[in-house]
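Chains as they are written, first to last, in the numbering used here: chain A, 886 to 1188; chain F, 886 to 1188. All C-beta atoms in this analysis are idealised placements derived from N, C-alpha and C, irrespective of residue type, glycine included. Since the structure is predicted, the reported quantities are computational estimates derived from the model, not experimental observations.
Number of protein chains: 2
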Amino acid sequence: VSVVVLAGGTGGARLARGMLDVVGPQNLVVVANTGDDVEIYGAHVSPDPDLVAFWLADLIDERGWGLEGDTFMVMDGLRALGVEVWFNLGDRDLALGIERLRRLREGQGLVAAHAELMDRLGVPGRVLAMSEDPVRTHVRAAGRWWPLQEFLIGRRGEGPIEGVRFDGADHARPAAEVLEAIGDAEAIVIGPSNPIISIGPILALPGMREALAGAGAPVVAVSPVVGGEIVKGPTAACMQWAGQECSAQGVAAVYEGVIDGIVADEPVQGLPVLQTGTLMSDAASRRMLADETLAFARALASR
Amino acid sequence: VSVVVLAGGTGGARLARGMLDVVGPQNLVVVANTGDDVEIYGAHVSPDPDLVAFWLADLIDERGWGLEGDTFMVMDGLRALGVEVWFNLGDRDLALGIERLRRLREGQGLVAAHAELMDRLGVPGRVLAMSEDPVRTHVRAAGRWWPLQEFLIGRRGEGPIEGVRFDGADHARPAAEVLEAIGDAEAIVIGPSNPIISIGPILALPGMREALAGAGAPVVAVSPVVGGEIVKGPTAACMQWAGQECSAQGVAAVYEGVIDGIVADEPVQGLPVLQTGTLMSDAASRRMLADETLAFARALASR
Chain A
886 VSVVVLAGGT
896 GGARLARGML
906 DVVGPQNLVV
916 VANTGDDVEI
926 YGAHVSPDPD
936 LVAFWLADLI
946 DERGWGLEGD
956 TFMVMDGLRA
966 LGVEVWFNLG
976 DRDLALGIER
986 LRRLREGQGL
996 VAAHAELMDR
1006 LGVPGRVLAM
1016 SEDPVRTHVR
1026 AAGRWWPLQE
1036 FLIGRRGEGP
1046 IEGVRFDGAD
1056 HARPAAEVLE
1066 AIGDAEAIVI
1076 GPSNPIISIG
1086 PILALPGMRE
1096 ALAGAGAPVV
1106 AVSPVVGGEI
1116 VKGPTAACMQ
1126 WAGQECSAQG
1136 VAAVYEGVID
1146 GIVADEPVQG
1156 LPVLQTGTLM
1166 SDAASRRMLA
1176 DETLAFARAL
1186 ASR
Chain F
886 VSVVVLAGGT
896 GGARLARGML
906 DVVGPQNLVV
916 VANTGDDVEI
926 YGAHVSPDPD
936 LVAFWLADLI
946 DERGWGLEGD
956 TFMVMDGLRA
966 LGVEVWFNLG
976 DRDLALGIER
986 LRRLREGQGL
996 VAAHAELMDR
1006 LGVPGRVLAM
1016 SEDPVRTHVR
1026 AAGRWWPLQE
1036 FLIGRRGEGP
1046 IEGVRFDGAD
1056 HARPAAEVLE
1066 AIGDAEAIVI
1076 GPSNPIISIG
1086 PILALPGMRE
1096 ALAGAGAPVV
1106 AVSPVVGGEI
1116 VKGPTAACMQ
1126 WAGQECSAQG
1136 VAAVYEGVID
1146 GIVADEPVQG
1156 LPVLQTGTLM
1166 SDAASRRMLA
1176 DETLAFARAL
1186 ASR
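Have a look at this one:
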């Protein structure tokens, strides 16, 4: 077996962690959104790929981001110098980003830089940056364009959202390793991340929708709408901007032409649905949802 | 009064600290060598100006470099990623360098970036980067050229030295604030730093020797040779490369045409000498040496 999970932040990362339990490290490839990447503090910070990696390695801190037990000495040092620290980053997290930027400056590709650093961290499974090429998500709100991290942190992700763009996506290409993994996959799962700003940048890469549609494997999405609500992040405002209702039905509409089925805790019309509980509150529920999702995909494949 | 101290690393920094006690923060300007500067870890690290600043602010750690009580979480994080950490830097020190590089990248000049950050650290007196322009000292040993920090750390400063060059110095200019301070000074003191690789880059700036020779103030050097020995660093190997003996006499020869007198604990021929103890082992001896040096300079001025 070989399962590819497309992931943004927390929802996708949790599902990937469950899938790791189900299929094992040799059979899991996570394709992570790099549209949130930001260069700051002399570091290349990759929030989504790193979040997935920290989840896979059981290194995620209980605060929900960053490395477990990390310290914040450099941020304290910056504050002491009068810097307004809007983007908080732990010391070991910063070391990761500093070393990544050094590698990129030396000419190493983003996929290889991520992969080697994840190896050093002992991350099981493969986490692939979606593209070697830079893509930078921007959100328009309150009359101005915000780089995504600034929107999420500085503006706390508050809508209404007036625009979304993925700078660089037009000329970016899916990484070769990503296309290869999609071609070889037994199942492809779109994790329960924000369809517009987390999965959106992956799907916006030229050739990506075609690669997914043309893959031999079934493609299933897991809805991020749980009990009619969004667990985390500005998904509701994003769906509103996209002209879709914030429901599994709306999510299915965003993914139309890409997915063969959807996993949700509510009914969806017009495509195969696995209706099941989708809240991932602990290891058992993460594993359970991953297991059910994979079985659903396999069932779709055998039809 | 207004005293200008030219300084490299530890020796110059200690004397500057003593001079601060003697003349007070309003009357002290330290011109610091930036030939040791290095870009590393996404930071602009300025070893000599920072060492002086940390000494002036009583923030120097007892290990002899870096900020008192600083932690090393990021370096630990880099090592955990397999990085060979040849240049050790504390977390708050790193924050300083990260913020400095950010300012430089945004277009702020080196002198202003230093000055504002020193202000934030609460450093008394003024520490001026010698030039707005980059100068990078390289030392040749064992058949290859070493950037200075790599020579000092990777090679532990071991000679014999086969060459010294100050990349960029030909086109660098002394900072306007430096020339102004020299013009306004009552006394100019060359601190007991390495004459070749610490003070050398300052004197190599086009117009600097002329500015010192043409200043109304007397220029006196404090010999770094104490009890016939060098307290710290590769001064002996540097003097040998320069074809000078490692003595106050040799130091006077290196500074010929620039200084009006020398402070040393041994006899020197051919120019006015203040022979006195020059070991600065504590606050009292630093203040004493600074006080005597200033009195000597004043006596030279009144001749």
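Cβ closer than 8 Å: which chain A residues qualify as neighbours of residue i?
i, result
"Ala984 of chain F", "According to the sequence provided, residue 984 of chain F is Glu. The question's Ala does not apply to it. Those are Leu963, Leu966 and Val968, listed as they occur along chain A."
Going along chain F, which residues have a C-beta under 7 Å from residue i?
i, result
"Leu1002 of chain A", "Leu966"
Taking residue i as the query, report the chain F residues whose CB atoms sit under 8 Å from its CB, ordered along the chain.
i, result
"Val959 of chain A", "Met958, Val959, Asp976, Arg977, Leu979, Ala980 and Ile983"
Determine the closest residue to residue i out of the options, with distance taken between C-alpha atoms.
i, options, result
"Gly954 of chain A", "F:Leu1156, F:Gly954, F:Gly962 and F:Ala901", "F:Gly962"
"Glu1151 of chain F", "F:Ala1137, F:Glu1141, F:Asp1145 and F:Gly1142", "F:Ala1137"
"Leu944 of chain F", "F:Met1003, F:Pro1032 and F:Leu1179", "F:Met1003"
"Val1074 of chain A", "A:Pro1109, A:Gly1044 and A:Glu1047", "A:Pro1109"
"Ala1102 of chain F", "F:Leu1179, F:Glu1114 and F:Ile1115", "F:Leu1179"
"Ala1100 of chain A", "A:Leu1064, A:Asp906 and A:Ile1081", "A:Leu1064"
"Gly1146 of chain F", "F:Glu1177, F:Thr1120, F:Ala1122 and F:Ser1166", "F:Glu1177"
"Ile925 of chain A", "A:Gly903, A:Gly975, A:Ala1060 and A:Ala965", "A:Gly975"
"Gly1112 of chain A", "A:Cys1123, A:Ala1133 and A:Gly1128", "A:Ala1133"
"Thr839 of chain F", "F:Glu947, F:Gln1154 and F:Val930", "No answer is possible for residue 839 of chain F: the residues shown for chain F start at 886 and end at 1188."
"His929 of chain F", "F:Ile983, F:Gly1076, F:Leu936 and F:Pro1059", "F:Ile983"
"Ala1057 of chain A", "A:Val1049, A:Glu1017, A:Gly893 and A:Met1173", "A:Glu1017"
"Arg902 of chain A", "A:Asp1167, A:Ala1186 and A:Leu981", "A:Asp1167"
"Thr1022 of chain A", "A:Ser1083, A:Glu1071, A:Arg988 and A:Asn912", "A:Ser1083"
"Val937 of chain F", "F:Glu1035, F:Trp1126 and F:Ala1000", "F:Ala1000"
"Gly1118 of chain F", "F:Gly1042, F:Ala1098 and F:Val916", "F:Gly1042"
"Gln1034 of chain A", "A:Gly909, A:Ser931, A:Cys1131 and A:Leu891", "A:Ser931"
"Arg977 of chain F", "A:Met1015, A:Val914 and A:Phe957", "A:Phe957"
"Gln1125 of chain A", "A:Arg985, A:Leu1013 and A:Pro1080", "A:Pro1080"
"Asp1055 of chain A", "A:Asp1069, A:Ile1087, A:Glu1071 and A:Arg1025", "A:Ile1087"
"Asp935 of chain A", "A:Arg1005, A:Gly1128 and A:Gly1092", "A:Arg1005"
"Asn918 of chain A", "A:Gly909, A:Pro1019 and A:Gly1039", "A:Pro1019"
"Pro1009 of chain A", "A:Ala942, A:Ala1070 and A:Pro1045", "A:Ala942"
"Ile1067 of chain F", "F:Met1015, F:Ser1187, F:Ala965 and F:Phe972", "F:Met1015"
"Ala1121 of chain A", "A:Gln911, A:Gly1007 and A:Pro1045", "A:Pro1045"
"Val915 of chain A", "A:Leu1097, A:Val907 and A:Leu891", "A:Leu891"
"Arg988 of chain F", "A:Val996, A:Gly967 and A:Ala998", "A:Gly967"
"Ala997 of chain A", "A:Ala1169, A:Ile1038, A:Ala1127 and A:Ala1061", "A:Ala1061"
Quick check: is the beta carbon of residue i nearer than 8 Å to any beta carbon in chain A?
i, result
"Gly1039 of chain F", "no"
With a threshold of 8 Å between beta-carbons, can residue i be considered close to chain C, or not?
i, result
"Leu1097 of chain F", "Note that chain C does not occur in the displayed structure, where the protein chains are A and F."
**Message:** Give the list of continuous alpha helix (DSSP H) stretches no shorter than 4 residues that lie fully inside the region 1002–1053 of chain F.
**Reply:** 1033–1038
**Report entry** Residues, ordered as in the chain, of the region 1089–1113 of chain F that lie near chain A by beta-carbon distance below 7 Å
**Finding:** none
- Query: What are the residues of the region 918–931 of chain A that lie near chain F, defined by any Cβ-Cβ distance shorter than 7 Å?
  - Reply: Tyr926, Gly927 and Ala928
Handout entry: chain F contacts from the region 988–1013 of chain A (Cβ-Cβ distance under 8 Å)
Key = Leu1002, Arg1005 and Leu1006
| Which runs of the alpha helix (DSSP H) spanning at least 4 residues fall entirely within the region 893–940 of chain A, listed in chain order? | Taking only runs of at least 4 residues, the alpha helix (DSSP H) segments lying wholly in the region 893–940 of chain A are 895–908.
Practice item. Would you list, in sequence order, the uninterrupted alpha helix (DSSP H) runs of no fewer than 4 residues that lie entirely inside the region 1084–1118 of chain A? Key: 1085–1089 and 1093–1099
Just to confirm the assignment: which complete beta strand (DSSP E) runs, minimum length 3, are found wholly within the region 1148–1172 of chain A? 1158–1160
Could you tell me which uninterrupted alpha helix (DSSP H) segments, each at least 4 residues in length, are contained entirely in the region 967–993 of chain F, listed from first to last along the chain? 976–990
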